[in-house]
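Colleague: The numbers in the sequence shown follow the working numbering, run straight up by one, and end at 567.
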Amino acid sequence: MARVVVIGAGLGGLPAAYELRHALPQEHQITLISNQPKFTFVPSLPWVGLGLKSLDRIQLDLAAIVPQHGIEFIQAAVTAIDPKSRQLRMDATTLDYDYAVIATGPELALDALPGLGPEGGYTHSVCNPHHAVLAGKAWEKFLADPGPIVVGAAPGASCFGPAYEFAFLIHHVLKQKGLRAQVPITFITSEPYAGHLGIGGMAKSRWLIRKFMADREIELMENTAISHFEADAVHLTDGRKIPSRFTMVLPPFRGPRFLREAPGLADAKGFVPVLPTYRHPDFESIYSVGVITQLKPVEQTPIPTGAPKVGLMSEEMALAVAHNIALELGVATGLQSKPTLQAVCFADFGNTGALFLADPLLPDASGERDRALIFNGIWVSWMRTGFEKYFLTKMRLGWTIPWFERWGFRAIGLPLVTPLPAREQSRSLAPTV
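1) Could you give the distance in angstroms between the alpha-carbon of Arg155 and the alpha-carbon of Ala460?
2) Just how far apart, CA to CA, sit Met135 and Met336?
3) What three-state label does DSSP hand Lys172 in the structure shown?
4) Are the beta-carbon atoms belonging to Phe175 and Leu526 less than 7 angstroms from one another?
5) Do Val423 and Gly146 have their C-beta atoms within less than 7 angstroms of each other?
6) Less than 8 angstroms between the CB atoms is what I'm expecting for Phe387 and Ala243, so what's the real figure, rounded?
7) Check whether the Cβ atoms of Glu153 and Ala456 sit closer than 7 angstroms, and answer yes or no.
8) Given that a residue counts as buried once 16 or more other Cβ atoms are within 10 Å of its Cβ, and exposed if not, what is Ser471?
9) Within a Cβ cutoff of 6 angstroms, which residues of the same chain sit near Phe321, ignoring the five residues on either side of it in sequence?
10) Is it the case that the Cβ atoms of Arg374 and Pro282 are separated by a distance below 7 angstroms?
11) Assuming Pro442 and Ile333 form a contact by the criterion Cβ under 8 angstroms, report the distance between their Cβ atoms to the nearest whole angstrom.
12) Is the Cβ-Cβ distance between Arg577 and Tyr231 less than 7 angstroms?
13) Please identify the residue among His330, Gln209 and Asn262 whose C-alpha is closest to the C-alpha of Pro438.
14) Assuming Leu475 and Glu449 are in contact, meaning their beta carbons sit under 8 angstroms apart, how far apart are those beta carbons, in whole angstroms?
15) By alpha-carbon positions, which one of Val200, Val182, Leu196 and Ala234 ends up nearest to His258?
16) Out of Phe276, Asp225 and Pro177, which one is the CA nearest neighbour of Asp366?
17) So Leu342 packs on Ile508, CB below 8 angstroms; how close in whole Å?
18) If we require 4 or more residues per run, which alpha helix (DSSP H) segments fall completely within the segment 210 to 290?
19) For Thr427, which three-state DSSP category applies?
20) For Pro289 and Ala359, which I take to be in contact (beta-carbon distance under 8 angstroms), what is that distance rounded to the nearest angstrom?
21) Excluding sequence positions up to five away, which residues of its chain have a Cβ less than 8 angstroms from the Cβ of Leu303?
22) Which residue from Ile512, Gly511 and Leu495 puts its Cα closest to that of Asp504?
23) May I ask you to list the residues that DSSP assigns as paired with Pro473?
24) For Pro390 and Gly312, I'd like the C-alpha separation in whole angstroms.
25) At the level of alpha carbons, what is the spacing between Glu299 and Ala348?
26) Does Pro159 pass the burial test, meaning 16 or more other C-beta atoms within 10 Å, or should it be called exposed?
27) Going by DSSP in three states, Thr411 sits in which element: helix, strand or coil?
28) Is the Cβ-Cβ distance between Leu166 and Val200 less than 7 angstroms?
29) Asn510 by DSSP, collapsed to three states: which one?
30) Can you pull the DSSP bridge partners for Met382?
31) Check whether the Cβ atoms of Pro410 and Glu539 lie closer than 7 angstroms to each other.
32) May I ask you to report which of helix, strand or coil DSSP gives Ser178?
33) Bridge partners of Thr165, per DSSP?
34) If distances are taken between C-alpha atoms only, which option among Ala226, Leu247 and Asn169 comes closest to Gln209?
35) Throw me the rounded Cβ distance for the Ala150 and Ala466 pair, which I believe falls under 8 angstroms.
36) Suppose you measure from the CA of Val551 to the CA of Arg544; what does that come to, to the nearest Å?
Have a look at this one:
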């Protein structure tokens, strides 16, 4: 019997645990460890931050749903991991494992800039449930006494979509309330240009985002680095000072402390390097899924940016990892696989929305992708709402990507995972337990 531990129960971890349970016979134990009691559909946190949706509508109780699907659930924070001895520690408890799938999601690097963050600083974020709730409370106070707003991304940020979504939703909400004329909005991004998104842009993203900004009279500051924050202002590295009464700036990400402190496991920022199989290059027992995986930026930018890992990519990683672990345990046949890393993103802008498709997310050496498409219209907002409900239903039912969803992706030419070429196959797939 093998014990496979999944660390983290977010958009990567919970699907990974479910897919492992589907891939492995019941004699093998799947354990899901999370420092949070609930699964949160993180893409909807911008709505929570603006009081458009309550947090409980996008959360699921892990202790109630996970054991129903034959998975052990432990609510605890992992404080240390030793991949050589295949042990991890949770406070005073030590747990042995045969395989560990690291899917912690990011830690927010709030110490990157003075004044960054809602606790001990002057900014808000919508990167985790607690921060979104704090942003929502601050937003209610702001509406009673409106003033200038700054939305944007700090140097080193890697997930820019929520910032654009938040800025356009703010415009929509203020217009509905008759307050838009009283509130100047400034969007500050570390991207070399708006719509770069950490991936070098796609299709007409640069021009579409600029048009959206201009149509909404949002001042756009591209390729701009923030130096620090005060209660009523955002300071730039070039000395400019932008007044702000409500500031939402996305921080850089890094891996949690236990990864950064484990010798040889992660890079300096705590991101886990992986082979095409999403196994660690040095530790055969370690796999990684989601935001915590190391993904090198597409290109060097004047101000540092990272590459995003969106929800579909995390599910693709989960599919590949479960299949490859099943091969190693000798309970599956075929070739090792790798995720294809396509990105499909829905963004709600209030009275319209945008759908981005990058196939694959990372362009080839010539800077080209097979497909890069953008669609916009109110129908995207409707699809965005429907997808949230669908994803939460999948997590209740213990699905990752069911057969009909996989069939739909294949029908439009998105296979999600693909067999590794023979030259990249591991030399040994013998069970290690």
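Beta carbons are placed, not taken as given, at the ideal position from N, Cα and C, and that holds for glycine. Values in this document were obtained by computation on a predicted structure and should not be read as measured data.
Modeller: According to the structure shown:
1) As a first step, residue 155 is located in the sequence shown; it is residue number 21 there, counting from the start. As a first step, residue 460 is located in the sequence shown; it is residue number 326 there, counting from the start. Spanning the two alpha carbons is a distance of roughly 10 angstroms.
2) Walking along the sequence shown from the start, residue 135 turns up at place 1. Walking along the sequence shown from the start, residue 336 turns up at place 202. Distance between the alpha carbons of Met135 and Met336 is about 46 angstroms.
3) Here residue 172 refers to the residue found at position 38 of the sequence shown. Three-state result, Lys172: strand.
4) Here residue 175 is taken as the residue at index 41 of the sequence shown, counted from 1. Here residue 526 is taken as the residue at index 392 of the sequence shown, counted from 1. Yes, the Cβ-Cβ distance between Phe175 and Leu526 is below 7 angstroms.
5) Position 289 of the sequence shown, counted from the first residue, corresponds to residue 423. Position 12 of the sequence shown, counted from the first residue, corresponds to residue 146. A contact, by the Cβ cut-off of 7 angstroms.
6) For the purposes of this step, residue 387 is taken as the residue at position 253 of the sequence shown. For the purposes of this step, residue 243 is taken as the residue at position 109 of the sequence shown. With 8 angstroms as the limit, Phe387 and Ala243 qualify as a contact, their Cβ atoms being about 7 angstroms apart.
7) For the purposes of this step, residue 153 is taken as the residue at position 19 of the sequence shown. For the purposes of this step, residue 456 is taken as the residue at position 322 of the sequence shown. For Glu153 and Ala456, yes; Cβs fall inside 7 angstroms.
8) Within the sequence shown, residue 471 is the residue found at index 337, counting from 1. It is buried - the Cβ of Ser471 has at least 16 other Cβ atoms within 10 Å.
9) Within the sequence shown, numbered from 1, the residue matching residue 321 stands at position 187. Excluding positions up to five away in sequence, the list reads Val285, Gly286, Ala301, Ile352 and Leu354.
10) Here residue 374 refers to the residue found at position 240 when the sequence shown is read from its first residue. Here residue 282 refers to the residue found at position 148 when the sequence shown is read from its first residue. No, the pair does not count as a contact, with Cβ atoms beyond the cut-off.
11) Looking up residue 442 in the sequence shown gives position 308. Looking up residue 333 in the sequence shown gives position 199. Confirmed, about 7 angstroms.
12) Examination of residue 577 is not possible in this model, given that the chain is present from 135 through 567 alone.
13) Stepping through the sequence shown from its first residue, residue 438 is reached at position 304. Per the Cα distances, His330.
14) Here residue 475 refers to the residue found at position 341 of the sequence shown. Here residue 449 refers to the residue found at position 315 of the sequence shown. Not confirmed; about 11 angstroms, so no contact.
15) Reading the sequence shown from its first residue, position 124 is the one you call residue 258. Checked all of Val200, Val182, Leu196 and Ala234; the closest Cα to His258 is Val182.
16) In the sequence shown, counting from the first residue as 1, residue 366 sits at position 232. It is Phe276 whose Cα lies nearest to the Cα of Asp366.
17) Position 208 of the sequence shown, counted from the first residue, corresponds to residue 342. Position 374 of the sequence shown, counted from the first residue, corresponds to residue 508. That belief holds up - the Cβ atoms of Leu342 and Ile508 are roughly 6 angstroms apart, short of 8 angstroms.
18) 263 to 278
19) Reading the sequence shown from its first residue, position 293 is the one you call residue 427. Of the three classes helix, strand and coil, the one that applies to Thr427 here is strand, per DSSP.
20) In the sequence shown, counting from the first residue as 1, residue 289 sits at position 155. In the sequence shown, counting from the first residue as 1, residue 359 sits at position 225. 5 angstroms between Cβ atoms; contact.
21) As a working note, residue 303 is residue 169 in the sequence shown. Counting only Cβ-Cβ distances below 8 angstroms, and skipping sequence neighbours, we find Pro180, Trp181, Leu184, Leu186, Asp482, Phe483 and Gly484.
22) Here residue 504 is taken as the residue at index 370 of the sequence shown, counted from 1. Cα-wise, what sits closest to Asp504 is Leu495.
23) The residue given as residue 473 occupies position 339 in the sequence shown. Pro473 pairs with Val551.
24) Here residue 390 corresponds to residue number 256 of the sequence shown, with the count starting at 1. Here residue 312 corresponds to residue number 178 of the sequence shown, with the count starting at 1. Going by the C-alpha atoms only, they are around 42 angstroms apart.
25) Locating residue 299 in the sequence shown gives position 165, where the first residue counts as 1. Locating residue 348 in the sequence shown gives position 214, where the first residue counts as 1. Going by the C-alpha atoms only, they are around 15 angstroms apart.
26) To locate residue 159, count along the sequence shown from 1; it is residue 25. With fewer than 16 other Cβ atoms within 10 Å, it is exposed.
27) Here residue 411 is taken as the residue at index 277 of the sequence shown, counted from 1. Correct three-state label for Thr411: coil.
28) Against the sequence shown, residue 166 aligns to sequence position 32. Against the sequence shown, residue 200 aligns to sequence position 66. Against a cut-off of 7 angstroms, the Cβ pair of Val200 and Leu166 comes out as a contact.
29) Here residue 510 is taken as the residue at index 376 of the sequence shown, counted from 1. Strand, per DSSP.
30) As a first step, residue 382 is located in the sequence shown; it is residue number 248 there, counting from the start. For Met382, which the question treats as bridged, DSSP gives the partners His258 and Val285.
31) On the sequence shown, position 276 is the one that residue 410 refers to. On the sequence shown, position 405 is the one that residue 539 refers to. It is not a contact, given that the beta carbons lie outside the stated cut-off.
32) Counting from 1 along the sequence shown, the entry for residue 178 is found at position 44. Helix, per DSSP.
33) Here residue 165 refers to the residue found at position 31 of the sequence shown. Paired residues: Val139 and Glu206.
34) Residue mapping note: residue 209 aligns to position 75 of the sequence shown, counting from 1. With distances taken between Cα atoms, Gln209 lies closest to Asn169.
35) The count along the sequence shown starts at 1 and reaches residue 150 at position 16. The count along the sequence shown starts at 1 and reaches residue 466 at position 332. Wrong, their Cβ atoms sit about 16 angstroms apart, outside the cutoff.
36) Here residue 551 corresponds to residue number 417 of the sequence shown, with the count starting at 1. Here residue 544 corresponds to residue number 410 of the sequence shown, with the count starting at 1. Between Val551 and Arg544, the C-alpha separation is close to 10 angstroms.
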